[in-house]
Amino acid sequence: MTPWWEATREGRLLLQRCEGCGHLQHYPRALCTGCGGTDLGWQESAGRGAVDSFTVVHRSPSPEHAPPYVVARVRLDEGPILLTNLVGDADWHCDQRVRLAWRTLDDGRRLPVFEQE
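Quick note, in this note's numbering, the sequence shown goes up one by one and the last residue is 129.
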(Lines of atoms letter the chains of each structure in order from A and count residues from 1; the text may use other names and numbers.)
(Lines give C-alpha, C1' and ligand atoms only; values in the text may rest on other atoms or scores of the structure.)
Protein backbone atom coordinates (compact mmCIF):
# COMPACT_ATOMS: atom_id res chain seq x y z
CA MET A 1 0.00 0.00 0.00
CA THR A 2 2.88 2.41 0.61
CA PRO A 3 3.65 2.96 -3.11
CA TRP A 4 -0.03 3.64 -3.76
CA TRP A 5 -0.31 6.27 -1.02
CA GLU A 6 3.02 7.89 -1.94
CA ALA A 7 1.88 8.22 -5.58
CA THR A 8 -1.21 10.11 -4.39
CA ARG A 9 1.07 12.81 -2.96
CA GLU A 10 2.24 13.38 -6.55
CA GLY A 11 -1.28 13.31 -8.00
CA ARG A 12 -0.84 9.89 -9.59
CA LEU A 13 -3.44 7.12 -9.36
CA LEU A 14 -1.79 3.69 -9.41
CA LEU A 15 -3.49 0.43 -10.28
CA GLN A 16 -2.04 -2.89 -9.23
CA ARG A 17 -1.02 -5.04 -12.21
CA CYS A 18 -0.33 -8.77 -12.20
CA GLU A 19 2.96 -9.50 -13.96
CA GLY A 20 1.75 -13.05 -14.67
CA CYS A 21 -1.59 -12.46 -16.39
CA GLY A 22 -1.72 -8.67 -16.90
CA HIS A 23 -4.90 -8.25 -14.81
CA LEU A 24 -5.42 -4.75 -13.34
CA GLN A 25 -7.06 -4.33 -9.95
CA HIS A 26 -7.93 -1.78 -7.32
CA TYR A 27 -7.71 -1.72 -4.27
CA PRO A 28 -4.15 -3.06 -3.81
CA ARG A 29 -3.93 -6.52 -2.25
CA ALA A 30 -1.56 -9.47 -1.83
CA LEU A 31 -3.00 -11.68 -4.60
CA CYS A 32 -4.14 -11.12 -8.18
CA THR A 33 -7.93 -11.42 -8.35
CA GLY A 34 -7.57 -12.72 -11.91
CA CYS A 35 -5.18 -15.65 -11.48
CA GLY A 36 -4.18 -15.75 -7.81
CA GLY A 37 -0.59 -14.80 -8.62
CA THR A 38 1.63 -12.86 -6.24
CA ASP A 39 3.97 -11.12 -8.72
CA LEU A 40 2.27 -7.73 -8.61
CA GLY A 41 3.47 -4.36 -9.88
CA TRP A 42 2.02 -0.92 -10.55
CA GLN A 43 0.58 0.88 -13.56
CA GLU A 44 -0.52 4.50 -13.62
CA SER A 45 -4.15 5.15 -14.51
CA ALA A 46 -5.15 7.82 -17.02
CA GLY A 47 -7.81 8.86 -14.50
CA ARG A 48 -10.80 8.66 -16.82
CA GLY A 49 -13.89 6.52 -16.46
CA ALA A 50 -17.66 6.33 -16.16
CA VAL A 51 -20.10 6.35 -13.27
CA ASP A 52 -21.20 2.76 -12.68
CA SER A 53 -23.60 3.51 -9.79
CA PHE A 54 -24.06 6.28 -7.22
CA THR A 55 -26.10 7.56 -4.32
CA VAL A 56 -26.54 11.01 -2.82
CA VAL A 57 -26.11 11.00 0.95
CA HIS A 58 -28.35 13.57 2.64
CA ARG A 59 -27.84 12.43 6.22
CA SER A 60 -24.22 11.98 7.20
CA PRO A 61 -23.12 9.34 9.72
CA SER A 62 -20.49 11.73 11.16
CA PRO A 63 -19.82 15.46 11.43
CA GLU A 64 -16.65 15.18 9.28
CA HIS A 65 -18.79 14.52 6.19
CA ALA A 66 -21.12 17.42 5.55
CA PRO A 67 -24.15 16.37 3.49
CA PRO A 68 -25.11 16.23 0.77
CA TYR A 69 -22.30 14.26 -0.85
CA VAL A 70 -22.18 11.66 -3.59
CA VAL A 71 -20.75 8.16 -3.12
CA ALA A 72 -20.15 6.32 -6.37
CA ARG A 73 -18.62 3.37 -8.14
CA VAL A 74 -16.48 4.59 -11.02
CA ARG A 75 -15.34 2.10 -13.64
CA LEU A 76 -11.98 3.28 -14.92
CA ASP A 77 -11.27 3.02 -18.65
CA GLU A 78 -8.56 0.50 -17.71
CA GLY A 79 -11.22 -1.76 -16.13
CA PRO A 80 -10.99 -1.61 -12.31
CA ILE A 81 -13.81 -0.11 -10.25
CA LEU A 82 -13.19 2.45 -7.50
CA LEU A 83 -15.53 3.30 -4.65
CA THR A 84 -15.17 7.07 -4.46
CA ASN A 85 -16.91 10.43 -4.25
CA LEU A 86 -18.23 12.55 -7.10
CA VAL A 87 -17.54 16.26 -6.66
CA GLY A 88 -18.84 19.41 -8.29
CA ASP A 89 -22.25 20.61 -9.30
CA ALA A 90 -23.58 18.12 -11.82
CA ASP A 91 -26.78 16.30 -12.57
CA TRP A 92 -25.20 12.89 -11.99
CA HIS A 93 -26.32 9.82 -13.90
CA CYS A 94 -25.01 6.33 -14.62
CA ASP A 95 -22.58 6.01 -17.54
CA GLN A 96 -21.61 9.69 -17.17
CA ARG A 97 -17.98 10.31 -18.12
CA VAL A 98 -15.77 11.51 -15.27
CA ARG A 99 -12.13 12.46 -14.71
CA LEU A 100 -9.84 12.18 -11.71
CA ALA A 101 -9.61 14.99 -9.16
CA TRP A 102 -8.07 14.92 -5.70
CA ARG A 103 -9.08 15.67 -2.11
CA THR A 104 -6.02 16.52 0.00
CA LEU A 105 -5.69 14.99 3.46
CA ASP A 106 -4.03 16.71 6.43
CA ASP A 107 -0.82 14.66 6.05
CA GLY A 108 -0.32 15.52 2.34
CA ARG A 109 -1.71 12.30 0.92
CA ARG A 110 -4.69 12.63 -1.39
CA LEU A 111 -7.89 10.71 -1.97
CA PRO A 112 -9.03 10.12 -5.54
CA VAL A 113 -12.42 11.70 -6.29
CA PHE A 114 -14.03 12.29 -9.64
CA GLU A 115 -15.62 15.24 -11.39
CA GLN A 116 -17.70 15.60 -14.54
CA GLU A 117 -15.57 15.35 -17.69
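In this text, a Cβ means the ideal position worked out from N, Cα and C, and glycines have one as well.
Tell me which residues share the same chain as residue i and place their Cβ nearer than 7 Å to its Cβ, disregarding the 5 neighbours each side in the sequence.
i: R121; result: W17, T20 and R21
i: G100; result: E127 and Q128
i: D107; result: A62 and V63
i: Y81; result: V69 and N97
i: A78; result: S72
Which residue from the options puts its Cα closest to that of residue i?
i: W54; options: R87, D103, R29 and D118; result: R29
i: G49; options: L94, E31 and L112; result: E31
Near residue i, what residues of its chain come up, given a Cβ to Cβ distance below 6 Å and the 5 sequence neighbours on each side ignored?
i: S65; result: R85
i: P92; result: L27, L36, Q37 and H38
i: R115; result: L123 and V125
i: T67; result: V83
Buried or exposed: residue i, going by 16 or more other Cβ atoms within 10 Å of its Cβ?
i: G59; result: buried
i: C44; result: buried
i: V110; result: buried
i: S74; result: exposed
Identify whether residue i lies in helix, strand or coil by the three-state DSSP scheme.
i: R21; result: helix
i: P80; result: coil
i: P15; result: helix
i: L117; result: coil
Contained beta strand (DSSP E) runs [length at least 3] in the stretch 29-86, N- to C-terminal order | 52-56 and 60-69
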